[in-house]
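Numbering (mature numbering (1 follows the signal peptide of the UniProt record, and there is no 0)), first residue to last: -23 to -1, 1 to 119. Idealized CB from N, CA, C, for every residue including glycine. The model shown is predicted, which means the values in this text are computed figures rather than measured ones.
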């Protein structure tokens, strides 16, 4: 085999880290949207308040590990000088950071998604249950 620090092994490790983070992010977004669309609130809350928090923590840890193992130029130097990053390694590191940032952003968007869905649902319920008289119509209120 190749030595542990070989470029091929480094690329494989980074590629698997990226694939895992992307798959987890896609799963999380898909589940949250599916549960919200079905108005399955217990499952939506479990995914967004439980799984999302765990995934956010783990991707933050992954970024710390990647940054420590594959430092960017200008980062604090580690005790042993690292092998210089290849262009592909640099790209993979950036993509891992990007997925982690995407998960952070999704964490902030969840509340907005929920409130938008609540507003839509309440408008539908209002339209279905309120009488048609003009004093009930939203546009004609004083």
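Contact belief for residue i with residue j at Cβ below 8 Å, rounded distance in angstroms
i           : j           : result
residue 77  : residue 36  : 4 Å
residue 121 : residue 72  : Since the first and last residues shown for the chain are -23 and 119, residue 121 lies out of range.
residue 63  : residue -17 : 6 Å
residue 94  : residue 22  : The Cβ separation is near 13 Å, so there is no contact.
residue 31  : residue -3  : Between residue -3 and residue 31 the Cβ distance is about 13 Å, and since that is not below 8 Å, they are no contact.
Exposure of residue i, with buried meaning 16 or more beta-carbon neighbours within 10 Å
i           : result
residue -14 : buried
residue 109 : exposed
residue 150 : The chain is shown from -23 up to 119; residue 150 falls before or after that span and cannot be answered.
residue 66  : buried
Residue i and residue j closer than 9 Å at C-beta
i           : j          : result
residue 83  : residue 5  : yes
residue -11 : residue 29 : no
residue -9  : residue 42 : no
Cα-Cα separation between residue i and residue j, rounded to whole angstroms
i           : j           : result
residue 16  : residue 97  : 11 Å
residue 60  : residue 74  : 20 Å
residue 100 : residue 33  : 33 Å
residue 1   : residue 11  : 15 Å
residue 49  : residue 106 : 59 Å
residue 47  : residue 3   : 25 Å
residue 26  : residue 19  : 10 Å
residue 79  : residue 91  : 18 Å
residue 7   : residue 51  : 37 Å
residue 119 : residue 85  : For residue 119, the pLDDT reaches just 49, beneath the cut-off of 50, and the residue's location in the model is therefore unreliable, although a value from the coordinates is still provided. Residue 119 and residue 85: Cα-Cα distance of roughly 35 Å.
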